[in-house]
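Q: The structure is given below, and queries will be raised subsequently.
2 protein chains.
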Amino acid sequence: MTCVLLDHGHVTTPSGWRAGVAACGIKYTGRTDLALLVSERPCRAAALFTTNRVVSAHIHYDRAVLARNSTSIRAVLINAGSANACTGEVGIAAAEATAREVERTLALPTDSTLVMSTGVIGLLLPVDRVVQGIATASQHLDAAHGPDAARAIMTTDTRPKQCAVRVALPDGEHIHIGGMVKGAGMVHPNMATMLSVVTTDAAVEPAALDAALRFAADRSFNCISIDGDTSTNDTLLALANGRAGNPLIAHIESAEGQAFLAGLVEVCQRLAQEVVRDGEGATRLVTLTVRGAVSDEDAHRAAMAVARSPLVKTAIFGGDPNWGRVVCALGYSGATIDPDRVVLHFGPVPVFAHGVPQPFDELAAHQVLSAPDVLMVADLGMGTGTATVWTCDFSYEYVRINAEYRT
Amino acid sequence: MTCVLLDHGHVTTPSGWRAGVAACGIKYTGRTDLALLVSERPCRAAALFTTNRVVSAHIHYDRAVLARNSTSIRAVLINAGSANACTGEVGIAAAEATAREVERTLALPTDSTLVMSTGVIGLLLPVDRVVQGIATASQHLDAAHGPDAARAIMTTDTRPKQCAVRVALPDGEHIHIGGMVKGAGMVHPNMATMLSVVTTDAAVEPAALDAALRFAADRSFNCISIDGDTSTNDTLLALANGRAGNPLIAHIESAEGQAFLAGLVEVCQRLAQEVVRDGEGATRLVTLTVRGAVSDEDAHRAAMAVARSPLVKTAIFGGDPNWGRVVCALGYSGATIDPDRVVLHFGPVPVFAHGVPQPFDELAAHQVLSAPDVLMVADLGMGTGTATVWTCDFSYEYVRINAEYRT
């Protein structure tokens, strides 16, 4: 049962997948802003959407499609530039019109196409331009175009984010799992905090795919924070086309299911970490582990409070070993905590233990916090609950990007 | 029943109050960092402390004192530079030692002095220097020194924050309520999100004072957010020395109680707004009203989500009428909301109504958001619940201050 990360893997690395892109000028000029993903065979689908009460038109549309058909999805159309959120009935009609155009162009059945949008809230989707883009993208579908798709869906992202793994199933067969994600701001659970598509050539039952996706999201996309804002559009979609020819994976508890799950968690964690590393203005990826909590849920609660704290995040930007802000955030997290039991490390450096500051080398701690990868471990000393989350620092650049984004 | 804001009012404007300050060099040099407030008569006291599970030594100490004596407090000692938090038993002993020194120096009874600390977490309070400062401050106690006290307790504050009102009671007598506050970062409910002392010469029963303080805090300090971080040290203290000679106010429901309450709310709201206006790096004071919620609590929940959103706050810094971020924050607030019923105004400009964007003059909206005082009103269209909260924008300067604060 092995899971191998592939060099230069991407969303169309699994068998039977192709992608095409187009430049529609929805908001950006001089770049692609539309990606079309197509599977040669019908896919089992599972999806997780934002917990925000205000949701994009694409989520209204996709939920309706998946309620009718979660076993034979063939295509996904994704645009950047307009979020198609807060656009009312007109927005939902636009989502449907573009999905129908994909089905017409590729001669696919009705309700076999899902759509996703990302960009400015309140901007209507220009259907005419998207329709032209669908024509372009569908003429250039290719299994090598996964990286182009990852690039086309970017907004404030500075780089495409993608990966793929090959998993050896217990019976010796190999399957692939690939994925791409966009997201750099308005990123905070619950749940999937961006747009992400995970593809696989494995054959998986819908219920098992859904269970696997929830398990993986809880250990990846639900463990990251960039700014504490939960978007209206967040979508994580998993599509399994069965092209690998493996015996159908019916349960995640089976040996095959566990192997598939390990690969899916690997892909989702890598994509989620890439989102944080490319967080708006981010200069550091911070991995924060809380252990010794009364439960895993409590550990997660404590860790996310630290991950979200602007004061912790600005201190990390400054490379300032200001551990008091971490202890403070643990304190207001709502987790069960007794400061007299807490032990906090920055990298290998103990900074606070059992209620009192620890003498430490300021320069060594500064260096730990100034590296591209920062590790913090807080042991609450209360029990056996653990959680690991990822966050980034908060820089001048975050403010610049978000003060200027729309206008 | 009138409440008049006094020109240049401060914490020792009420009768029977004096203040003194000293420069102890706890962290800062070339400025005062210790304030001593003294009442000539014993005071009824009420206090609200942070909800953080990790609390400053001064809160441990004050809670113990108030449990023994909430009816004859005489003095408050406040230092800036060290938060005396995460300092264990040594920190609590330091708090007690400095309180005892005040009592010794001023010949006050044991347990008549409260202490407060603000500054860096994890820094031990240098008791020797504070003791020297107590000697200096106690030699210069004066009713005109309230403004000096407000200045001595500042940390990253750019200006002292204080006010006083005169209230005419129904029977014709006048009382005064004064206050000061420090706080510019790590400011978010619940509850009192800074150090604040409110003094009055009114005679008020302890239970009535406590009820009045909670009522006023819920409409002032619990309605502001600068960065979403709840400090370990937040303290709001109300002290009533009865020097005005009014008949004892026994209940806030009485006519006298209502007059006192109106004055207390006025003082607390002014101080809370001053905290936001002087928020770290802030360039705007944003007043946000949510109405039409299913309850006042739900309105408060929705408003605070907007007030806390880094994306809303950076958009305001840029003067960008990016209303989608406001609707998004309302959506993830947890409040009951249907986007098809929401109507949002920036100043007089309607920007979103009943699920769809409203055409508006970009320049007019930009001007609304670029003024020092910004007003936003969101009507959820669900019921009669209302709440008003105050927040500030999020600027480069916030990042600079907090990336550099400690080192």
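Going down the list, the sequences are from chains A and B. If you count the first sequence from 1, position 24 lands on 24 in my numbering, and the numbers rise without skipping. If you count the second sequence from 1, position 403 lands on 810 in my numbering, and the numbers rise without skipping. Built from N, CA and C at the ideal position, the CB exists for glycine as well.
Could you tell me which uninterrupted beta strand (DSSP E) segments, each at least 3 residues in length, are contained entirely in the segment 439 to 499 of chain B, listed from first to last along the chain?
A: 441 to 456, 480 to 489, all fully within the segment 439 to 499 of chain B.
Q: For the structure I just gave you, are there three or more beta carbon pairs, one from the segment 16 to 27 of chain A and one from the segment 714 to 721 of chain B, closer than 8 Å?
A: No, the segment 16 to 27 of chain A does not touch the segment 714 to 721 of chain B.
Q: Which of the three DSSP states is assigned to valine 622 (chain B) in this structure?
A: Numbered from 1 along the second sequence, position 215 holds the residue referred to as residue 622 (chain B). It is worth fixing the name first, because residue 622 (chain B) is phenylalanine in this sequence and not valine. Helix, per DSSP.
Q: For the alpha helix (DSSP H) containing glycine 30 (chain A), name the first residue and the last one.
A: Translated into the one-based positions of the first sequence, residue 30 (chain A) becomes position 30. Here glycine 30 (chain A) belongs to no alpha helix (DSSP H), and DSSP marks it neither H nor E.
Q: Would you please state the rounded distance, in angstroms, between the beta carbons of alanine 403 (chain A) and threonine 721 (chain B)? I believe it to be under 8 Å.
A: In the first sequence, residue 403 (chain A) corresponds to position 403, counting from 1. In the second sequence, residue 721 (chain B) corresponds to position 314, counting from 1. That belief holds up - the Cβ atoms of alanine 403 (chain A) and threonine 721 (chain B) are roughly 5 Å apart, short of 8 Å.
Q: DSSP state of serine 254 (chain A), grouped into three classes?
A: Against the first sequence, residue 254 (chain A) aligns to sequence position 254. Coil, per DSSP.
Q: Kindly indicate the opening and closing residues of the alpha helix (DSSP H) around threonine 314 (chain A).
A: Locating residue 314 (chain A) in the first sequence gives position 314, where the first residue counts as 1. Note, threonine 314 (chain A): alpha helix (DSSP H), 310 to 317.
Q: So who's on the other strand from glycine 792 (chain B), going by DSSP bridges?
A: Mapped onto the second sequence, residue 792 (chain B) falls at position 385. According to DSSP, glycine 792 (chain B) bridges with B:Ala700.
Q: In angstroms, rounded to a whole number, what distance separates the CA positions of serine 333 (chain A) and methionine 180 (chain A)?
A: Here the question's residue 333 (chain A) lines up with position 333 in the first sequence. Here the question's residue 180 (chain A) lines up with position 180 in the first sequence. In a straight line, the C-alpha of serine 333 (chain A) is about 32 Å away from that of methionine 180 (chain A).
Q: Out of A:Leu37, A:Ser225, A:Asp128, A:Ala238, which one is the CA nearest neighbour of leucine 264 (chain A)?
A: Residue 264 (chain A) sits at position 264 when you count from the first residue of the first sequence. Out of A:Leu37, A:Ser225, A:Asp128, A:Ala238, A:Ala238 has the C-alpha closest to the C-alpha of leucine 264 (chain A).
Q: If the cut is a Cβ gap below 7 Å, which residues of chain B does threonine 232 (chain A) touch?
A: Within the first sequence, residue 232 (chain A) is the residue found at index 232, counting from 1. Cys735, Gly738, listed in chain order.
Q: What is the C-beta distance between alanine 492 (chain B) and isoleucine 528 (chain B), in whole angstroms, given that I count them as a contact (C-beta under 8 Å)?
A: The count along the second sequence starts at 1 and reaches residue 492 (chain B) at position 85. The count along the second sequence starts at 1 and reaches residue 528 (chain B) at position 121. Yes, they are in contact, since the Cβ atoms of alanine 492 (chain B) and isoleucine 528 (chain B) sit about 5 Å apart, within 8 Å.
Q: Check isoleucine 121 (chain A) in the structure and name its three-state DSSP category.
A: Here residue 121 (chain A) refers to the residue found at position 121 of the first sequence. Residue state, collapsed to three classes: coil.
Q: Just to check my reading of the structure: cysteine 43 (chain A) and isoleucine 73 (chain A) have Cβ atoms closer than 8 Å, yes? What is that Cβ distance to the nearest angstrom?
A: As a first step, residue 43 (chain A) is located in the first sequence; it is residue number 43 there, counting from the start. As a first step, residue 73 (chain A) is located in the first sequence; it is residue number 73 there, counting from the start. Indeed they touch by this definition, with Cβ atoms about 5 Å apart.
Q: What is the rounded straight-line gap between the Cα of threonine 372 (chain B) and the Cα of valine 701 (chain B)?
A: The first residue shown for chain B is 408 and the last is 814, placing residue 372 (chain B) beyond what the model contains.
Q: List, in order along the chain, the chain A residues whose C-beta lies closer than 8 Å to that of glutamate 811 (chain B)?
A: Here residue 811 (chain B) refers to the residue found at position 404 of the second sequence. What glutamate 811 (chain B) touches in chain A: Gly318, Asp320.
Q: Among residues of its own chain, excluding the 5 on either side of alanine 453 (chain B), which ones have a beta-carbon nearer than 7 Å to its beta-carbon?
A: For the purposes of this step, residue 453 (chain B) is taken as the residue at position 46 of the second sequence. Answer for alanine 453 (chain B): Pro613, Leu616, Asp617, Leu620, Ala645, listed in chain order.
Q: Taking the alpha carbon of valine 198 (chain A) as the point to measure from, which residue in A:Ala75, A:His354, A:Asp7 has its own alpha carbon closest?
A: Locating residue 198 (chain A) in the first sequence gives position 198, where the first residue counts as 1. Of the listed residues, the one whose Cα sits closest to valine 198 (chain A) is A:Ala75.
Q: Return the bridge partner residues of glycine 585 (chain B) from the DSSP annotation.
A: Counting from 1 along the second sequence, the entry for residue 585 (chain B) is found at position 178. In DSSP, glycine 585 (chain B) forms a bridge with B:Ala571, B:Thr606.
Q: Exposed or buried, histidine 595 (chain B), counting other C-beta atoms within 10 Å across all chains shown (16 or more means buried)?
A: The residue you call residue 595 (chain B) lines up with position 188 of the second sequence. Per-residue confidence for histidine 595 (chain B) stands at a pLDDT of 49, beneath the threshold of 50, marking its modelled position as unreliable; the derived number appears in the next sentence. So histidine 595 (chain B) ends up on the buried side.
Q: Could you check which residue in B:Phe759, B:Val611, B:Cys675 has the C-alpha nearest to that of leucine 455 (chain B)?
A: In the second sequence, counting from the first residue as 1, residue 455 (chain B) sits at position 48. The shortest C-alpha separation from leucine 455 (chain B) is found at B:Cys675.
Q: List, in chain order, every chain A residue whose beta-carbon is nearer than 9 Å to that of tryptophan 819 (chain B).
A: Residue coverage of chain B in this structure runs from 408 to 814, which leaves residue 819 (chain B) outside it and unanswerable.
Q: Could you tell me whether the Cβ of glycine 762 (chain B) comes closer than 8 Å to any Cβ of chain A?
A: For the purposes of this step, residue 762 (chain B) is taken as residue 355 along the second sequence, with counting starting at 1. So, interface residue.
Q: Span of the beta strand (DSSP E) holding threonine 235 (chain A)?
A: Locating residue 235 (chain A) in the first sequence gives position 235, where the first residue counts as 1. Per DSSP, threonine 235 (chain A) belongs to the beta strand (DSSP E) from 235 to 240.
Q: Comparing the C-beta of valine 399 (chain A) with each C-beta of chain B, is any distance below 8 Å?
A: The count along the first sequence starts at 1 and reaches residue 399 (chain A) at position 399. Yes, its Cβ sits closer than 8 Å to a Cβ of chain B.
Q: Using beta carbons (cut-off 8 Å, strictly below), is phenylalanine 759 (chain B) in contact with chain A?
A: What you label residue 759 (chain B) is simply residue 352 of the second sequence in a count that begins at 1. Taking Cβ atoms only, chain A reaches closer than 8 Å to phenylalanine 759 (chain B), which makes this a yes.
Q: Out of B:Arg475, B:Gly495, B:Glu660, B:Asn476, state which residue places its alpha-carbon closest to the alpha-carbon of serine 463 (chain B).
A: On the second sequence, residue 463 (chain B) is found 56 positions in, with the first residue counted as 1. Residue B:Gly495 is the option with its Cα nearest to serine 463 (chain B).
Q: Whether or not the segment 540 to 552 of chain B and the segment 506 to 518 of chain B are in contact is what I'm after, with contact meaning three or more pairs of Cβ atoms, one per stretch, closer than 8 Å; do they touch?
A: Segments in contact, yes.
Q: Quick check on the DSSP output: the beta strand (DSSP E) that includes cysteine 3 (chain A) runs from which residue to which?
A: Against the first sequence, residue 3 (chain A) aligns to sequence position 3. Start and end: 2 to 5.
Q: By the 10 Å Cβ neighbour count, where 16 or more other Cβ atoms means buried, how is aspartate 625 (chain B) classified, buried or exposed?
A: One-based indexing of the second sequence puts residue 625 (chain B) at position 218. So aspartate 625 (chain B) ends up on the buried side.
Q: Just to make sure I have the definition right: I need the residues of chain B whose C-beta is within less than 8 Å of the C-beta of asparagine 52 (chain A). Which are they?
A: As a first step, residue 52 (chain A) must be located in the first sequence, where it is residue number 52. Ordered by position in chain B, the residues that pass the 8 Å Cβ test against asparagine 52 (chain A) are Cys735, Gly738, Tyr739.
Q: When DSSP builds the beta bridges, which residues end up paired with glycine 20 (chain A)?
A: Taking the first sequence and counting its residues from 1, the one referred to as residue 20 (chain A) is at position 20. In DSSP, glycine 20 (chain A) forms a bridge with A:Leu36.
Q: Does the beta carbon of proline 160 (chain A) come closer than 8 Å to any beta carbon on chain B?
A: In the first sequence, the residue the question calls residue 160 (chain A) occupies position 160. Closer than 8 Å: no.
Q: Tell me whether phenylalanine 667 (chain B) sits in a helix, a strand or coil according to DSSP, three-state version.
A: Here residue 667 (chain B) refers to the residue found at position 260 of the second sequence. Reduced to three states, the DSSP call for phenylalanine 667 (chain B) is helix.
Q: Mind the definition here: the segment 412 to 425 of chain B touches the segment 242 to 253 of chain A only if three or more C-beta pairs lie below 8 Å; say whether that holds.
A: No, because fewer than three Cβ pairs between the segment 412 to 425 of chain B and the segment 242 to 253 of chain A fall closer than 8 Å, the two stretches do not touch.
Q: Could you check if histidine 60 (chain A) belongs to the surroundings of the ligand ATP, using beta carbon to heavy atom distance under 7 Å?
A: This structure lacks the ligand ATP, and indeed carries no ligand of any kind.
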